[in-house]
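Peer 1:
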Amino acid sequence: MISRRWFRRRKPDVDCREVGRVLQSYLDHNVEPDFAGKIAAHLDECKKCGLEASTYSKIKDALSATRPEVDTDAIERLRSFGSRLTND
Ligand SMILES: [Zn+2]
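Take the numbering used here: the final residue in the sequence shown is number 773, and no numbers are missing along the way.
(1) Skipping 5 residues on each side, what residues in its chain have a beta carbon closer than 8 Å to that of glycine 767?
(2) According to DSSP, is arginine 694 part of a helix, a strand, or is it coil?
(3) For isoleucine 744, is the classification buried or exposed, using 16 other Cβ atoms within 10 angstroms of its Cβ as the cut-off for buried?
(4) Would you say the beta carbon of lysine 743 is closer than 6 Å to some non-hydrogen atom of ligand 1?
(5) Should isoleucine 760 be labelled buried (16 or more other beta-carbon atoms within 10 Å of its own) or exposed?
(6) With a cut-off of 6 Å, give the chain-ordered residues whose Cβ is closer than this to any heavy atom of ligand 1.
(7) List the whole-angstrom C-beta distance separating leucine 770 from alanine 738, where the pair is believed to meet the contact cut-off of C-beta under 8 Å.
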């Protein structure tokens, strides 16, 4: 779905804007391996994008950890657990 952008490969590396645009696709493994390698390299070097990527993947993990029919009680409990951790 982002393959059209592959025509713009003159620049050797991806920049922050590019990473921001494809970050979710990247985390969903929806980008070409070659491109994914460039993103991974950028995330390694760029604190800003690396932080964003880890935030995204934490959210993704949390979402995929919940069952489709999870009740809101469990989410609430998880949420207060999380805020207790950060408030300590
Ligand atoms: Zn960056």
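Yeah, the Cβ is synthetic: ideal placement off N, Cα and C, and Gly gets one too.
Peer 2: Taking the structure as given:
(1) Position 82 of the sequence shown holds residue 767. Excluding its 5 nearest sequence neighbours in each direction, glycine 767 has no C-beta neighbour in its own chain below 8 Å.
(2) Within the sequence shown, numbered from 1, the residue matching residue 694 stands at position 9. A caution first: arginine 694 carries a pLDDT of 49, below 50, which makes its placement in the model too unreliable to give a value.
(3) Locating residue 744 in the sequence shown gives position 59, where the first residue counts as 1. Isoleucine 744 comes out exposed.
(4) Position 58 of the sequence shown, counted from the start, is the residue given in the question as residue 743. No, the Cβ of lysine 743 stays beyond 6 Å of every heavy atom of ligand 1.
(5) Locating residue 760 in the sequence shown gives position 75, where the first residue counts as 1. It counts as exposed.
(6) Per the Cβ criterion, the list is Cys701, Val704, His727, Cys731, Lys733, Cys734.
(7) If you number the sequence shown from 1, residue 770 lands on position 85. If you number the sequence shown from 1, residue 738 lands on position 53. Taking C-beta atoms under 8 Å as the contact rule, leucine 770 and alanine 738 fail to qualify, at a distance of about 21 Å.
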